[in-house]
Amino acid sequence: MQSGNNFHGLPTFVIANQLLTVEFLAEAGPRIVRLTLAGRDDNLLAEIPDVNWETTYGTFHIRGGHRLWHAPEAMPRTYVPDNDGLEVEPFEGGVRLRQPVEAPTGIQKVMELTLHPDRPALTVQHALHNAGSWAVELAPWAITQVPLGGVAVLPMQAPVPSQYLPTRQLNLWSYTRIRDTRLRLDDDLALVEGKSRKQPFKIGYFNHAGWLGYLTGDVFFVKRFDPQTGQPHPDQNSNCEVYVWDRFLELETLAPLVRLEPGATTTHVETWELFTGVSTDTTIDSIRTLVQTLGL
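Structural data, given as structure tokens:
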């Protein structure tokens with residue numbers, strides 16, 4: 121681990137291997153703020169330093185990058201500021217980022233980052249610890265903001281126990297317009313285009329495949345996770361969500377809802393993989409070929 125440049129005036133640290141560099145905030149968060157491939161300068165994560173909201177607990181900064189929340193979303197509980205007090209604990213091959221306990225909720229967020237030794241991949245373990253005096257129902261919620269200009273890729277395959285029963289669903293937020301042209305649907309894939317519009321768009325569903333991706337240029341950024349079937353999830357049983365607004369697109373995964381007793385911890389793991397030199401064609405047929413070629 122070494123000192124980073126800074127993130128719009130905020131100090132950072134960096135972990136890296138020969139293929140991938142991961143930059144995170146040194147004092148705020150836990151927040152991953154930059155993800156760069158060797159030999160390239162472009163940040164694969166969005167940088168949104170100027171967007172914030174005032175809450176009863178103080179100013180919440182969206183910042184961009186990757187963050188950990190606890191679902192279901194609610195104002196102001198979800199938006200407890202994470203502006204200082206971070207503990208940084210390096211270990212061989214990675215780092216642990218420990219937030220102070222949130223005073224309003226009694227929840228402590230911990231993020232553990234581990235680089236793969238010989239490929240451009242990162243394991244991100246998200247943990248929520250209940251340091252309070254009462255049980256809380258929640259779910260770890262991993263949110264990655266990426267720049268506009270690419271296409272989110274969502275696998276839609278699902279088991280078919282019976283032809284008489286439904287197998288797939290899409291959950292739509294109140295502000296989502298069904299005719300929004302950023303959404304493209306086919307039998308096996310859903311695509312959400314990262315295009316800037318003032319009208320936000322969000323969908324969620326239960327993702328049986330355990331991955332979602334973002335195609336930007338010739339890079340395909342894939343987030344893998346464990347789809348825990350048979351367990352209740354937030355947002356009408358969604359374990360995977362995509363949100364797009366005028367500044368960024370979010371790739372979101374959620375663990376099951378749990379009743380977290382005092383002193384208990386629940387975790388949620390994502391594995392990030394980066395595939396380079398892929399086709400820049402964003403037609404659904406080309407993306408289907410890419411998915412099949414990568415064995416996803």
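Note that the working numbering has the sequence shown beginning at 121, numbered continuously upward. Just so it is clear, CB atoms sit at the ideal spot from N, CA and C, and this is done for glycine as well.
- Taking C-beta atoms under 8 Å as the contact rule, Pro240 and Leu139 qualify, at a distance of about 4 Å.
- Along the segment 262-342, the alpha helix (DSSP H) does not occur as any fully enclosed run of 4 or more residues.
- Contact check for Met231 and His246: beta-carbon distance about 6 Å, within the 8 Å limit, so the pair qualifies.
- Val153 is bridged by DSSP to nothing; it lacks a bridge partner.
- Looking at the DSSP output, Ala136 bridges to Thr141.
- Ranked by how close their Cα comes to the Cα of Ala384, the residues Gly269, Phe133, Phe345, Gln228 have Gln228 in first place.
- Spanning the alpha carbons of Asp161 and Glu361 requires a straight line of approximately 28 Å.
- Going by C-alpha positions, Arg344 is about 5 Å away from Thr391.
- One Cα belongs to Ile263, the other to Arg187, and the distance between them is close to 5 Å.
- Taking 8 Å as the cut-off, the Cβ atoms of Glu167 and Asp204 do not count as close.
- Following the DSSP letters along the chain, one finds Arg197 in no alpha helix (DSSP H), marked with neither H nor E.
- Per DSSP, the beta bridge partners of Phe127 are Leu130.
- Counting along the chain, Arg408 sits inside the alpha helix (DSSP H) bounded by residues 404-413.
- When Cβ pairs closer than 8 Å are counted between the two stretches, the segment 319-333 is seen to touch the segment 274-288, the count reaching three or more.
- Between Ile407 and Leu335 a beta carbon distance of about 7 Å is seen, short of the 8 Å cut, so the two are scored as contacting.
- For Asn172, the uninterrupted beta strand (DSSP E) run begins and ends at 167-175, by DSSP.
- If you look at Gln356, you'll find it in the alpha helix (DSSP H) that goes 354-357.
- Ranked by Cα distance from Trp254, the first of Pro131, Arg288, Arg379 is Arg379.
- Taking all protein chains shown into account, Gln122 has fewer than 16 neighbouring C-beta atoms within 10 Å of its C-beta and is therefore exposed.
- Residue pairing by DSSP places Gln228 opposite His249 in a beta bridge.
- Exclusion of the five residues before and after Glu257 leaves Leu377, Val378, Arg379, Leu380 as the residues of its chain whose Cβ lies within less than 8 Å of its Cβ.
- The same chain holds no residue with a CB closer than 6 Å to that of Thr349 once the five nearest residues on each side in sequence are set aside.
- For Trp261, the number of other beta carbons within 10 angstroms of its own is at least 16, and it is reported as buried.
- If you check the CB distance, Leu155 and Val142 come in under 8 Å.
- If you keep only unbroken beta strand (DSSP E) runs of at least 3 residues inside the segment 360-409, you get 360-364, 369-374, 378-380, 385-396.
- In the structure shown, Ala241 falls within a strand segment according to DSSP collapsed to helix, strand and coil.
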